[in-house]
Each structure stands twice: as C-alpha cells, then as structure tokens.
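Take a look at the structure below.
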Amino acid sequence: MPSSHHVILIRPEASAKPAWGAPCNGCGVCCLLEPCPLGMVLSRKRRGACVALRWQDDARQYRCGAVMAPKEVLQLALPNFLKAWVPPLAWVLARLAKRWIAAGLGCDSTVQAQANSPLNFPAPPDEPMP
Ligand code: SF4
Ligand code: SF4
Numbered sequence: 480m481p482s483s484h485h486v487i488l489i490r491p492e493a494s495a496k497p498a499w500g501a502p503c504n505g506c507g508v509c510c511l512l513e514p515c516p517l518g519m520v521l522s523r524k525r526r527g528a529c530v531a532l533r534w535q536d537d538a539r540q541y542r543c544g545a546v547m548a549p550k551e552v553l554q555l556a557l558p559n560f561l562k563a564w565v566p567p568l569a570w571v572l573a574r575l576a577k578r579w580i581a582a583g584l585g586c587d588s589t590v591q592a593q594a595n596s597p598l599n600f601p602a603p604p605d606e607p608m609p
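Residue numbering for the sequence shown is 480 to 609, as defined by the working numbering.
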C-alpha cells in the first residue's frame, strides 16, 4: 500500500500518539486526520478534522464531543428543521456514542505521527500586489 503524508494542526500540549493497541491517551491524531463513521455523519465529510472533536484543557486531552458534549455537537451537525430534536437525540447519542466509537478499547489508529513545529514549514508565498 502506498504511504501518504498529511499535515494536521494539533495542540502543542497534546500527548504524543501511542502505539496501536496501547491505551488511548486522547492525543487526537485519529480524529484530526479523518472522522470515524459516526464522525463522518456528524461532520458530513470523509477527510480532515471531525467537527465533534473537543479539547479538554484540564485533562490536556482531546475528547469525543459526541460523548461529552452531544447537544453542542448536534446543534452544529443538524439542519435547522431538525434542531427541535436536539435534546432527545443528544440523550440517545451520548448513550450510544461510546459503543459506536469503541471507547476504552485502546488506540485503533495505525497512523505514524511525527511532530513538527509550524515554524519549520515553508512560509506561504507573498500575496501579489493589487
Ligand atoms: S471519535 Fe468522536 S470526535 Fe473522533 S472522529 Fe469519531 S465522532 Fe469524531
Ligand atoms: S485512538 Fe489513538 S490516535 Fe486516537 S486519540 Fe486515542 S490514542 Fe490518539
């Protein structure tokens, strides 16, 4: 399988990604790279950071918003005509999301993460003068 490289923006305080199968440390790499199946539904996309991902300052970890902030996530994800359903759907989502995302089963991402400072990336080209 050909290898590919992607750049993700990540909190500098986040822990380094552990090896596949090790306990999840909330590094956020998997959800910042591409959404899981639930995240694809919530984000309405297959690539890039999941809209449900949340940073928790006190724990210094990324957490799944479908579990910890289901109302907020559904407010963002649902079209206006379905917003009245946010409270009952949030209750259901919070209870099912843990199972859907296999929370607590260890890191299921085989991504090789390499830290790099934004200062090491080449500067964008200058804007052309008007
Ligand atoms: S685990 Fe949660 S935050 Fe991560 S991709 Fe899935 S829905 Fe999004
Ligand atoms: S599953 Fe792995 S990559 Fe995803 S947040 Fe947990 S430790 Fe990080």
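Idealized CB from N, CA, C, for every residue including glycine.
Asked, Found
"Heavy atom of ligand 2 within 7 Å of S522 beta-carbon", "no"
"Beta-carbon proximity of C529 to C503, cut-off 8 Å", "no"
"Environment of L555 [buried if 16+ CB atoms lie within 10 Å]", "exposed"
"Sub-8 Å separation of L568 and A545 beta-carbons", "no"
"Range of the contiguous alpha helix (DSSP H) that encloses R578", "565–579"
"Segment limits, beta strand (DSSP E) that includes L532", "532–535"
"Straight-line gap, V520 to N595 (C-alpha atoms, nearest Å)", "30 Å"
"Nearest neighbour of G505, chosen from W570, A582, Q591 [CA to CA]", "A582"
"Under the three-state DSSP convention, the category Q593 falls into", "coil"
"V486 classed as buried or exposed, judged by whether at least 16 other C-beta atoms fall within 10 angstroms", "exposed"
"Reduced DSSP secondary structure (H/G/I, E/B, other) of C510", "helix"
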